[in-house]
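Chains as they are written, first to last, in my numbering: chain A, 1 to 249; chain B, 1001 to 1104.
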């Protein structure tokens, strides 16, 4: 985390970007908290997901599948959360190049490795600014995402029957909004259509949650079935988000 | 399995995947096929989740109810470049409104 080589104003710029991204992104935790308690998790379990899993898409997927299939769908919920969290491992490979972390600090860096910390990190030019941006964005998103989750969970608890308030449809809307920015190019659209088809066909035949895992095969079929160019490494849009990423941590 | 076990297992899996990225050499995962699949994987899973949350009813049967109307409105909002929270809140409001009127 050594940033002593940065000029004070450069340092201020990076910090401003990091914390504004943290506040803006963290606020979405309200919707996660409300949906998680609507799915049947208690406030502590909801908070544990934001504090320990700390990767928004996986958290939404986990509670969405639990909402649909209850505890019986837990293995599918765990598997889907893991598969959606795979991209963080790819960000980690990029981040390792400039973070240079060892030991306990590597554990902390791994935990804070999400879309936003990666985006702000790789958007900077100098390694000192990259490290500063990564750490501050990760910590800022962590704080505000967890606070907002608590607010959302308490709100959700106060609401009562989730269906009356349309919270099941809110989850559907959330997944649409997470999918939307990724639908760029023919391969992406083909994958989405094929995955939706697989999920429709499988849903009446297999237990809740399993259709989502089967839908993942669409990525293998489209990704391995063509000899297109290599996928691009993650790139930052300069505003604290990765190109083609959703707005969640 | 209890809910706590499920929560902690899922958290553990996501953390290990993050950590592994700091431990493996980049060359292991930089092949063109692997990078294409890993880019498409979230798309496939999210499309599956949209289906599961929108048209799948109790017992896995495909049903049309207030959720589908809510998602249709959500897609229009996304076309209009609406913010994430706006999409989520309006989708909930559409479904809640339709149900209050006695449909879906």
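Beta carbons are placed, not taken as given, at the ideal position from N, Cα and C, and that holds for glycine.
Quick one: which chain B residues come within Cβ less than 8 Å of residue i?
{"i": "residue 111 of chain A", "result": "1015 and 1018"}
{"i": "residue 168 of chain A", "result": "1053, 1067 and 1095"}
{"i": "residue 49 of chain A", "result": "1007, 1010 and 1011"}
{"i": "residue 82 of chain A", "result": "1010, 1013, 1014 and 1017"}
{"i": "residue 6 of chain A", "result": "Per Cβ cutoff of 8 Å: no residues; residue 6 of chain A is ~24 Å from chain B at best."}
{"i": "residue 172 of chain A", "result": "1050, 1053, 1054, 1067, 1070, 1071, 1074 and 1091"}
{"i": "residue 85 of chain A", "result": "1013, 1014, 1017 and 1018"}
What residues from chain A crowd round residue i, counting only those whose CB sits closer than 7 Å?
{"i": "residue 1004 of chain B", "result": "45"}
{"i": "residue 1009 of chain B", "result": "78"}
{"i": "residue 1063 of chain B", "result": "Neighbours of residue 1063 of chain B on chain A: none; closest Cβ ~10 Å, over 7 Å."}
Along chain B, which residues have their Cβ under 7 Å away from the Cβ of residue i?
{"i": "residue 31 of chain A", "result": "1085 and 1088"}
{"i": "residue 55 of chain A", "result": "1014"}
{"i": "residue 247 of chain A", "result": "1084"}
{"i": "residue 218 of chain A", "result": "1044"}
{"i": "residue 62 of chain A", "result": "1010"}
{"i": "residue 222 of chain A", "result": "1040"}
{"i": "residue 240 of chain A", "result": "Ordered by position in chain B, no residue passes the 7 Å Cβ test against residue 240 of chain A, which lies about 14 Å from the chain."}
{"i": "residue 74 of chain A", "result": "1001 and 1006"}
{"i": "residue 58 of chain A", "result": "1014"}
For the putative contact between residue i and residue j, defined by C-beta atoms under 8 Å, what is the C-beta separation to the nearest angstrom?
{"i": "residue 1017 of chain B", "j": "residue 82 of chain A", "result": "6 Å"}
{"i": "residue 121 of chain A", "j": "residue 134 of chain A", "result": "4 Å"}
{"i": "residue 6 of chain A", "j": "residue 109 of chain A", "result": "So it is not a contact: roughly 19 Å between Cβ atoms."}
{"i": "residue 192 of chain A", "j": "residue 211 of chain A", "result": "Residue 192 of chain A to residue 211 of chain A, Cβ: 14 Å. No contact."}
{"i": "residue 209 of chain A", "j": "residue 38 of chain A", "result": "Actually they are not in contact, since the Cβ atoms of residue 209 of chain A and residue 38 of chain A sit about 17 Å apart, beyond 8 Å."}
{"i": "residue 249 of chain A", "j": "residue 25 of chain A", "result": "6 Å"}
{"i": "residue 155 of chain A", "j": "residue 34 of chain A", "result": "5 Å"}
{"i": "residue 270 of chain A", "j": "residue 238 of chain A", "result": "Residue 270 of chain A lies beyond the range of chain A shown here (1 to 249); nothing can be said about it."}
{"i": "residue 1014 of chain B", "j": "residue 48 of chain A", "result": "With a Cβ gap of about 12 Å, residue 1014 of chain B and residue 48 of chain A do not count as contacting."}
{"i": "residue 1061 of chain B", "j": "residue 1094 of chain B", "result": "About 22 Å; that fails the 8 Å criterion."}
{"i": "residue 1043 of chain B", "j": "residue 219 of chain A", "result": "7 Å"}
Which bits of chain A does residue i rub up against, with CB to CB less than 8 Å?
{"i": "residue 1021 of chain B", "result": "88, 89, 90, 91, 92, 93, 95, 96, 110 and 113"}
For residue i, which residues in chain A fall below 9 Å Cβ to Cβ?
{"i": "residue 1056 of chain B", "result": "68, 199, 200, 203, 204, 208 and 211"}
Note down, in chain order, every chain B residue with its Cβ under 9 Å from the Cβ of residue i.
{"i": "residue 164 of chain A", "result": "1096, 1099 and 1100"}
{"i": "residue 133 of chain A", "result": "None at all; the shortest Cβ gap to chain B is about 18 Å."}
{"i": "residue 41 of chain A", "result": "1003 and 1007"}
Cβ contact check for the region 177 to 188 of chain A and the region 1020 to 1032 of chain B: 3 or more pairs under 8 Å: no
Segments assigned alpha helix (DSSP H), at least 4 residues, entirely inside the region 66 to 110 of chain A: 74 to 99
Selection of the region 93 to 122 of chain A by Cβ proximity to chain B, strictly under 9 Å: 93, 94, 95, 96, 97, 99, 101, 106, 107, 109, 110, 111, 112, 113 and 114
Contact list for the region 1072 to 1088 of chain B against chain A, Cβ threshold 7 Å: 1074, 1075, 1078, 1084, 1085, 1087 and 1088
Contact set between the region 1037 to 1052 of chain B and chain A, restricted to residues whose Cβ is under 8 Å from the partner: 1037, 1038, 1039, 1040, 1041, 1042, 1043, 1044, 1045, 1046, 1047, 1048, 1049, 1050, 1051 and 1052
Contact between the region 43 to 61 of chain A and the region 75 to 91 of chain A (3+ Cβ pairs under 8 Å): yes
Runs of alpha helix (DSSP H) lying entirely within the region 178 to 215 of chain A, each at least 4 residues, in chain order: 186 to 202 and 210 to 215
Members of the region 175 to 191 of chain A that neighbour chain B once the beta carbon cut-off is set at 8 Å: 175, 176, 177, 178, 179, 180, 182, 183, 187, 188 and 191
The region 91 to 105 of chain A contacting the region 1044 to 1064 of chain B, beta-carbon criterion three pairs below 8 Å: no
The region 215 to 228 of chain A touching the region 1073 to 1085 of chain B, judged by at least three CB pairs closer than 8 Å: no
Residues of the region 144 to 162 of chain A whose Cβ lies closer than 8 Å to any Cβ of chain B, in chain order: none
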